[in-house]
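Below is one structure, written out as structure tokens; the observations come after it.
In the UniProt record's numbering, the protein residues as written are 1 to 141.
Here it is in structure tokens:
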């Protein structure tokens with residue numbers, strides 16, 4: 001099996017992917033040296049404390065792919081947040097503050113999110129049109 005975001009996306013929910021990503025990233029020592037073999041006394045459990053752990057290649061690829069899965073799932077949920085905020089009466093200034101961007105950047109991000117979901121067929125054309133209408137005019141235009 002090849003480790004890809006597409007394969008893992010089907011296997012993991014957002015919460016499970018984040019938990020697994022956290023587990024793998026905590027396991028890695030962060031060392032920049034190549035992996036080496038270390039002798040240890042198997043009869044002395046305290047020797048485990050001196051071991052530094054590094055991920056093997058499949059685990060490191062999984063870590064990378066999981067980061068991408070989480071990023072994609074987070075971006076997909078952003079459209080839900082935008083639409084809910086707009087339906088609730090939030091202004092582009094409020095939405096921009098929540099994203100730490102300008103109102104114009106927030107509006108543009110909303111439209112990119114709509115386009116992304118349209119391309120993947122996660123959003124039907126009529127739903128996309130409705131979302132664009134909900135957005136209103138570009139702030140400052």
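The beta carbon of each residue, even a glycine, is placed where N, CA and C say it ideally should be.
Nearest-angstrom Cα separation, counted from residue 96 out to residue 26
Computed Cα separation, rounded: 33 Å.
So residue 114 is in the alpha helix (DSSP H); what residue range does that whole segment cover?
103–119
Using the Cα positions of residue 13 and residue 77, report the straight-line distance between them to the nearest angstrom.
13 Å
What number of angstroms, rounded off, separates the C-alpha of residue 65 from the C-alpha of residue 107?
29 Å
Leaving out the 5 sequence neighbours to the left and right, which residues in its chain are closer than 7 Å to residue 55 when beta-carbon positions are compared?
24, 27, 28, 63
Helix, strand or coil: how does DSSP classify residue 100 here?
coil
Within this structure, are the beta carbons of residue 5 and residue 57 separated by less than 8 Å?
no
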